[in-house]
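If you want this note's numbering, it's the 1-based position in the sequence shown plus 8. Don't be surprised by glycine CBs; every beta carbon is placed ideally from N, CA and C. No experiment lies behind these values; they were computed from the predicted model shown.
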Amino acid sequence: MARVAMWDKIKDQAKTFQQSQGTRGASGSGQGSHGPAGGGRPGSSSGGSKTQLIGMFKSQLASAKNELKSGAYRDASMAMCALVAAADGRVEPAERQRVEELIVSNEVLQNFPADQLRQRFNQHVDRLLANFEQGKAEALQVIAKAAKKPAEARAVVQTGMVVAGADGSFEPSEQYAIREACTALNIPASEFGV
């Protein structure tokens, strides 16, 4: 039951964030908002499935695609993806491959060469698996570099949320990793419902 309430809270936070982004990003890039995430009504709580929520985060990221081209965003996003993937202290080969596929197929991350993304993601995963605490500290340092630009910082967290929710569940260890990233980025975790 608590998981459903948490997802509803995250959905509400995402809608609020999406509305705030829509006021400044209305430059004709409407092709990203044709799906249910763009036309949802605030009162439709029963339609707030995890899939729709992840779709909302993807839409928000896509709407900011042209702003998310810096090396800091790229590196912080890969550190975030690795931190979420290894949040429970292990990364099975199938999970690593699944996250890699999410990364290279992500519309926003296609701003960067796939090999760069894979290399950075795998470096962080390898460090996390070799020594979790040290790897986590290194990943959080990289994530913190995106704090200089609030739009990038929020996009890093959204990228982590997309990866965390891609398998249909949002584990407590993944929530904790998102909260730690929010702290490193000086963003209230409550903004993302975690």
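query: Would you report the Cα separation of residue 170 and residue 151, rounded to the nearest angstrom?
result: 16 Å
field: Close Cβ partners of residue 124 (< 8 Å) along its chain, the five nearest in sequence each way excluded
entry: 82
message: I want to see whether chain B comes within less than 8 Å of residue 174, judged by CB atoms only; does it?
response: The chain labelled as chain B is not found in the depicted structure, where only one protein chain is given.
- prompt: If you count every other CB in all the chains shown that lies within 10 Å of the CB of residue 128, and 16 or more means buried, which is it?
  reply: buried
query: Can you list, in chain order, the residues of its chain whose CB lies under 6 Å from that of residue 185, leaving out five sequence neighbours each side?
result: 91, 92, 95
field: residue 77 - containing alpha helix (DSSP H), residue span
entry: Looking at the DSSP string, residue 77 is not in any alpha helix (DSSP H), and its letter there is neither H nor E.
task: Below 8 Å on the Cβ atoms is my guess for residue 165 versus residue 148; work out the distance and round it to an integer in Å.
output: At roughly 13 Å, the Cβ-Cβ gap does not stay under 8 Å, so residue 165 and residue 148 are not in contact.
- prompt: Whose C-alpha, out of 199, 101, 102, 126, is nearest the C-alpha of residue 88?
  reply: 126
field: Cα-Cα separation between residue 172 and residue 183, rounded to whole angstroms
entry: 8 Å
- prompt: Do you know how far the Cα of residue 175 is from the Cα of residue 104?
  reply: 13 Å
query: Exposed or buried, which one is residue 156 when buried takes at least 16 other CB atoms within 10 Å?
result: exposed
- prompt: Taking C-beta to C-beta, are residue 145 and residue 84 nearer than 8 Å?
  reply: no
- prompt: residue 122: which of 107, 134, 136 sits nearest, CA to CA?
  reply: 107
query: Alpha carbon to alpha carbon, what distance is there between residue 101 and residue 178?
result: 19 Å
Exposure label - residue 135; buried when at least 16 CB within 10 Å: buried
message: Please report the distance separating the alpha-carbon of residue 143 from that of residue 137.
response: 8 Å
- request: Could you name the residues of the same chain whose beta carbon sits closer than 8 Å to that of residue 189, not counting the 5 residues immediately before and after it, in chain order?
  value: 88, 91, 148, 151, 164, 165, 168
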